[in-house]
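Every position in the sequence shown, counted from 1, becomes a number in the numbering used here once 16 is added.
Glycine residues also receive a C-beta, built at the ideal position from the N, C-alpha and C atoms.
Worksheet for the structure shown next.
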Amino acid sequence: MKGTFNLTQPQRLASLVIDLIVVAIACGYLFGTFYPPLGDKGFWGYSALLAVLVGSKLVTPFYVKPADAISYSVPAFISLMLINDWTQWSINQKWGFSLAAGFSLLIFILGITNIISNAVNADWARNLSNRIRVSLEYLGLPQFIYTPLILFAIFSYHLDSALEVAIISIVIGATVWWSLGDFLIGVFYKIRNSFFDKTLAGVAGQIVAFQEPGIVLLRQKYHGDINKHDLLLVHDKHGPAKLVVALDYVGRSEGILVRTVDIKSLSQESQTMIGNVPFSESAYSIDKDVLKDICTKEGIEIAEQSSIVGLVAQDTSIERLYFEVVENKELEEGRLVSVYVGDHKVLYQIVGGLTKEEVVQQKNTFGYLRGQAQQIGIWDEEKEKFRQCAWLPNINEPVYLESKSEYQIQVDSVGHFPQSNYQAKISNIHELVTHNTAILGILGVGKSMLAIELVERLIENNIKVICLDLTNQYANELIDFYDAGYEEASLLKIQSASEQDREEFDNNPEQGGSLPNLSQAIYADLAEFLDPDNPIKLKIYNPSSFVATKQKSEPKSYQDSSGWHRAAGLFSVTPVEITQIISEASLEILSDEMSTTARACLVYEEAHSLVPEWNSVVNEGDKNATSGTARAILQGRKYGLGCMLITQRTANVTKTILNQCNTVFAMRTFDETGKNFLANYVGRDYASALSSIPERHAVFFGKASSCENPVLIRLNDQDQFRTIFRATHPPAELPDVASNTEEAVQADDGFNDEIPF
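Structural data, given as structure tokens:
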């Protein structure tokens, strides 16, 4: 039944004429006239053959609906009734008549049953209707319905002439089951195209409907004519010639259709390359070489069409993309997709998905998967960063899945978008400090590794780093920048000061206990460290290692058996208060000079224990201490002082400091308080995804980010980072501070009274 060439309607009409000429030649040879004789001898031609040829060529060339099958079976049955001569027929003729009439009646009953069951709102009825529809796609073809009539006519009226049987059988085979007209037309156009026009390879399908905007439904003539991602030409009277790409198959009452989407209206020059294509209700395939030239001219990537995963859906905004998923494989949270907005390729990052159901008609529903993505921006190749797109894509615009590529780490990259080589960078290392940074996430997801990488970058940029580390991890991880011997001597000096006057009280509560000595020792140590002439870049304190006392109130007199005495209560200094001392001392030392660039960064590791929220403190003193630290951070920016805050308990960290962190790395977290807080920074979509993102991944956003919007990135592995970074930025040799070390271990009994503590 299938010809060698898919034809347009005018070509099918020409093919019908050729087939009729074949019939006319056969009739002229057999009967002496160029048309079948009247009466029984001509039944095969008038009632059957013409119905088959007209039906298959013009009425239903692509697809037979149940209603079409009924329209073919009824005339076939009536034709048989008109020649019914039951009493005069032999038993064999009666059997042949019964089979032919029974088949027509069966097709009619199936068609009626399909229509009735399609109107019943029940699963069994829909299943029955669908099975019948599929069966009638083949059994309802005019070739199937009328062939029994033709065979009956040959058996009943031509069996006495072997020549008539042979020639009529050949004619039926050459016109009904293998169309000589289709073959000759196809050969003609192929020969013509080989000399004059190589553009059109043939008709791939018939246009069934336009679903504005941008969707065209096609019916392929035979299964397999159109494959997913095929590029086709549509040129109808409703608009200019355009290329469409095949997306998927959709079910309708009239069968399975191919859904395509516009990707480009062709320029006049490209239309000239195709040639004079008439307006048609068909979709054409195009010669591969010509298609390649057209796509090059129009800026279309042919390979890109196979990566279409969806269509832009309603509710899409400038910042947020919703898309109907048409290809579900390889989609996952964090992957990048792209959409063309005008001539710009805009990238979005998938942040979620959900199933949707829409009502198609009164009782039919259409279920589909809806993806959700956040705008990343337009990639600036020269600056190697994303810039914001200020507009949104058209509805039904194709959504492309960005291909996987291997991450080639660059020196200034902190990570990359998952399964791509698009990289996220620190846009300004100084703003990472002066505008403060927070690294948030549960235990074991890579917070400290990220912080250690950022500390190394700060040191390389000549920014001094003061780590307050309760874990003692930084000294080991940053050993190349940390002179353990010298720092141990400095810490011994501070601890020695904290032991002096530990049990002593004073009439002035602020001078009681060893806290004043500790404060002065820390101030002196930081003053030496923050001296611009000091080459040392890293200082590490463990606030919990300092043991000191403080006096809260004036001494009171009391009497016992030995007489009158004066005493005051002394209390242990907490890590929160040590944090305040270090923070305020750093601010005081740096406040002698304004600065627009970063000079020093305070790193608060386990920040929930160093700067706790007011409802998480153990005593009132910690509330005041946290407030003092927060004031130091708030005032520090104009002097080049900032902080990096690392915590696994966002809810337990003072919001006074967190709210000042204009750069955020949000890693996996579960508590709702933390996610609600982060939603103000990274948006509700990214915040909702934080409970499921993998280790070593973070939502990165803020002043120091190279991306204008929040992004989910895969962070650098430490070994990979150090290999690349230290190849161009090797750690400097630690300065010779042996003489300072020897001096530092000696007891220091005097302190500078001018230090404001």
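Restricting attention to Ser578, Phe50 and Gln25, the CA atom closest to the CA of Leu36 is found in Phe50. For Pro414, the enclosing beta strand (DSSP E) begins and ends at Pro414 to Leu417. Leaving aside the five residues that flank Phe168 on each side, the residues in its chain whose CB is nearer than 7 angstroms to its CB run, in chain order, Gly112, Phe113 and Ala116. In the three-state scheme derived from DSSP, where H, G and I count as helix and E and B as strand, Ile482 is classed as strand.
For Tyr62, no alpha helix (DSSP H) segment is defined, and its DSSP state is neither H nor E. A distance below 7 angstroms between beta-carbons, with the five flanking residues on each side excluded, links Asn558 to the following residues of its chain, in chain order: Asp485, Leu486 and Asn488. Burial state of Pro52 is buried, judged by a 10 Å Cβ sphere holding 16 or more other Cβ atoms. Proximity to Pro77 across Asp198, Thr672 and Asn243 peaks at Asp198, based on C-alpha coordinates. Under the rule that a run must span 3 or more residues, the beta strand (DSSP E) segments found entirely inside the segment 579-663 read 579-583, 586-588, 616-621 and 657-663.
Restricted to the segment 676-718, the alpha helix (DSSP H) segments that are unbroken, complete and at least 4 residues in length are 688-698 and 700-705, listed in chain order. In the DSSP assignment, Glu340 falls outside any alpha helix (DSSP H) and within the unbroken beta strand (DSSP E) covering Arg336 to Val341. Just so you know, the alpha carbons of Leu542 and Glu320 end up roughly 58 angstroms apart. Out of Phe119, Gly255 and Leu470, the CA that lies nearest to the CA of Leu96 is found in Phe119. Comparing alpha-carbon positions, the option among Leu32, Ile662 and Gly58 lying closest to Gly44 turns out to be Gly58. Remark: C-beta atoms of Met683 and Lys463 approach each other more closely than 8 angstroms.
Between Arg712 and Leu694, the C-beta spacing is not below 8 angstroms.
In this structure, the beta-carbon distance from Leu534 to Pro591 does not fall below 8 angstroms. Put simply, the backbone Cα of Pro746 is about 10 angstroms away from that of Asp496. Non-local C-beta neighbours of Arg336 in its own chain, meaning closer than 8 angstroms and more than five positions away in sequence, comprise Gln388, Ala389, Gln390, Gln391 and Asp701, ordered along the chain.
For the segment 448-501, the continuous beta strand (DSSP E) assignments of 3+ residues that do not extend past its boundaries occur at 453-456 and 480-484, in sequence order.
Distance from the CA of Ala616 to the CA of Phe545, rounded to the nearest whole angstrom, comes to 10 angstroms. With three or more CB-CB distances shorter than 8 angstroms, the segment 438-456 counts as touching the segment 646-662. With a cutoff of 8 angstroms on beta-carbon distance, Leu327 and Val342 are scored as near each other. Taking Arg149 as reference, the option from Leu674, Ile279, Phe433 and Lys81 with the minimal CA-CA separation is Lys81. Ranking Lys280, Thr666 and Val355 by CA distance to the CA of Gly315 puts Lys280 first. Taking a 10 Å sphere around the C-beta of Gly350, we find 16 or more other C-beta atoms and assign the residue as buried. A distance below 8 angstroms separates the beta carbons of Leu234 and Ala299. Inclusion of Ile394 and Arg403 in the CB contact set at 8 angstroms is warranted, their separation being smaller than that value. Around the C-beta of Arg473, 16 or more other C-beta atoms lie within 10 Å, and the residue is accordingly described as buried. Between Leu352 and Tyr438, the C-beta spacing is below 8 angstroms.
Nearest in C-alpha terms to Val203, of all of Ser31, Ile131 and Leu121, is Ser31. Under the DSSP assignment, Ala537 falls in the alpha helix (DSSP H) whose first and last residues are Leu531 to Leu546. In this structure, Phe717 is the residue among Phe717, Asp687 and Ala500 with its C-alpha nearest to the C-alpha of Gly699. With a minimum length of 4 residues, the unbroken runs of alpha helix (DSSP H) contained wholly in the segment 243-318 fall at 284-290 and 304-314. Leu36: member of the alpha helix (DSSP H) spanning Gln25 to Phe47, first to last residue. Within the model, the alpha-carbon separation for Gly644 versus Asn725 is close to 33 angstroms.
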